[in-house]
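Input: a single structure, listed below in C-alpha cells.
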Amino acid sequence: MTVSPLAWLRRLHSAFAAGAQLLAPTSAACFLCGKPQSAARSVGSAVQTKLLRQLRESLCGDCLSAIPWLTRIACTRCGRGIPCEDCIRSPHGAFQFNRSAVHYNSAMREMLALYKYRGNEQLAPLLAAMLLPVFEAMTTEIILRTSRSQKPNTKSETRFTDCWDAVTYVPVSMERENERGFNQAEQLASRIANDYNLPLMQLLIRTRHTEKQSFKSRAERQRDTQSLFNVRADQLQRVYTRISNSTNERNKGQTVSRILLIDDIYTTGSTAEACSQALIDSAAWPIEMYILTWARS
Ligand SMILES: [Zn+2]
Ligand SMILES: [Zn+2]
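In terms of the working numbering, the sequence shown opens at residue 2 and continues consecutively.
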C-alpha cells in the first residue's frame, strides 16, 4: 500500500516514538551517538523505502525517534509547524512558499553541524534523503493548487518533470566553499535533481562573504542580503529555452517558469527572499519561486 509522504512520515514518527517496533538492532554504529543502529522492516513507496533504508543505515532507534519531522504545517507560507507571526508581520512577496523536512531543534543543529562544520560528509546522503518525502508532498500540493482540471493526476510518472523547470540552490561564497570543501545546499539540490530527473542549474552567485547568519538579528539579516546575490544570465536563459521547448500541459499557451530553490535552513526567509527576488528581477518572463529547506528554525 502506498500512503502519502507526510502521512507516512507521521506513521514512521509514531512507530519510532512508541518504542520502534519496526526496528531490530544491527551491528554498525549510529552517526550521531555511536549506539548500534536499527534495521527496519516496514516498506512503502520507493522513496519511502529508500529513506527508511538510509535512516536505518545511519542512526540508532533513539536518534531516529528524536527526528522532529514537520508533518503538520501551520503556516502555509513558510512551512512552519506552529502558527507564524513573522509571515503576517512582514510577508515574503518574492517566493510562493517554503517547505522543510524537520524542525530545527538542538538535535538537528547537532546533525547539521556534524555535516557542515566538522566535515562529516557521510551525512550528506542521509540529509538529502530526508528531503525526498517533503519534495514529493510539495509537488503534489502545487499540482492540486494550480491544476485547471477537476482531478489532476498526482500519481503520474512525469509529474515531477512536468511540475518543475529547474532546481537550483543558495550559493556560498568562494571563501566559504574553499574552507568547507563543498556547498551543502548544492549537495542537497543535486540529489533532488538526480533522483527526479530535473535540470540542476547554478543560477546564482554570492557576491560577498557574510558573517554567520545565526548571530544576527532579523533586521541585520535583511540588510545583509541586499544585493548579495547575482544572477547568471546564461544559466537563466537555459530555463527559458527549456520551457519554450516544453510540450507539457502546464506550459501550453503560457510561459511561467517554476524554479525550486534549495537551502539547508530557513530562518527568517530573507535569504530565500533575496535569491528569489534576484531571479525574478533578472528574468524577462514570469517566474514562480518555491523553496525547499532541510530545516525550519
Ligand atoms: Zn543514535
Ligand atoms: Zn510563516
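Ideal Cβ positions, reconstructed from N, Cα and C, are used throughout, including at glycine.
Near residue i, which residues of its chain fall below 6 Å by C-beta distance, leaving aside the five closest residues on each side in sequence?
| i | result |
| --- | --- |
| residue 102 | 131, 132, 135, 295 |
| residue 287 | 257 |
| residue 20 | Any answer about residue 20 is weak, because its pLDDT of 47 lies below 50 and its placement is not dependable; what the coordinates show is given next. Once the five neighbours on either side are set aside, residue 20 has no close Cβ partner at all. |
| residue 93 | 270, 274 |
| residue 69 | 103, 104, 106 |
| residue 231 | 206, 208 |
| residue 292 | 96, 99, 262, 273 |
| residue 78 | 88, 98 |
If residue i sits next to residue j, beta carbons under 8 Å apart, how far is it from one beta carbon to the other, in whole angstroms?
| i | j | result |
| --- | --- | --- |
| residue 1 | residue 263 | Residue 1 cannot be examined here, being either before or after the span of the chain that is shown, 2 to 298. |
| residue 280 | residue 260 | 7 Å |
| residue 106 | residue 270 | Contact flag wrong, Cβ pair sits at about 19 Å. |
| residue 283 | residue 234 | 7 Å |
| residue 129 | residue 188 | 7 Å |
What I want to know is whether the C-beta of residue i ends up closer than 6 Å to one or more non-hydrogen atoms of ligand 1.
| i | result |
| --- | --- |
| residue 56 | no |
| residue 265 | no |
| residue 33 | yes |
| residue 36 | yes |
| residue 64 | yes |
| residue 61 | yes |
Please determine whether the Cβ atom of residue i lies at a distance below 6 Å from any heavy atom of ligand 2.
| i | result |
| --- | --- |
| residue 79 | yes |
| residue 88 | yes |
| residue 164 | no |
| residue 276 | no |
May I ask you to report which of helix, strand or coil DSSP gives residue i?
| i | result |
| --- | --- |
| residue 191 | helix |
| residue 115 | helix |
| residue 205 | strand |
| residue 297 | strand |
| residue 8 | helix |
Between which residues of its own chain and residue i is the CB-CB distance below 8 Å, once the five residues before and five after are set aside?
| i | result |
| --- | --- |
| residue 111 | 33 |
| residue 67 | 108 |
What does a CB cutoff of less than 7 Å around residue i pick up in its chain, not counting 5 residues either side in sequence?
| i | result |
| --- | --- |
| residue 144 | 153, 155, 160, 164 |
| residue 178 | 184 |
| residue 174 | 207, 209, 210 |
| residue 239 | 202 |
| residue 244 | 166, 252, 256, 258 |
| residue 191 | 201 |
| residue 142 | none |
Taking 7 Å as the CB-CB limit, is residue i close to chain D?
| i | result |
| --- | --- |
| residue 84 | Looking at the structure shown, chain D is missing, and only one protein chain is on hand. |
Confirm the yes/no value for this check: CB of residue i, any heavy atom of ligand 4, distance under 6 Å.
| i | result |
| --- | --- |
| residue 85 | You won't find ligand 4 in this model; what it holds is ligand 1 and ligand 2. |
Curious, which full-length alpha helix (DSSP H) runs of at least 4 residues does the segment 117 to 182 contain?
124 to 147, 160 to 164, 175 to 181
What are the uninterrupted segments assigned as beta strand (DSSP E) that are 3 or more residues long and contained completely in the segment 239 to 292, given in chain order?
258 to 267
Please specify which runs of the alpha helix (DSSP H), each continuous and at least 4 residues long, are wholly inside the segment 31 to 103, giving them in chain order.
47 to 59, 62 to 66, 87 to 90
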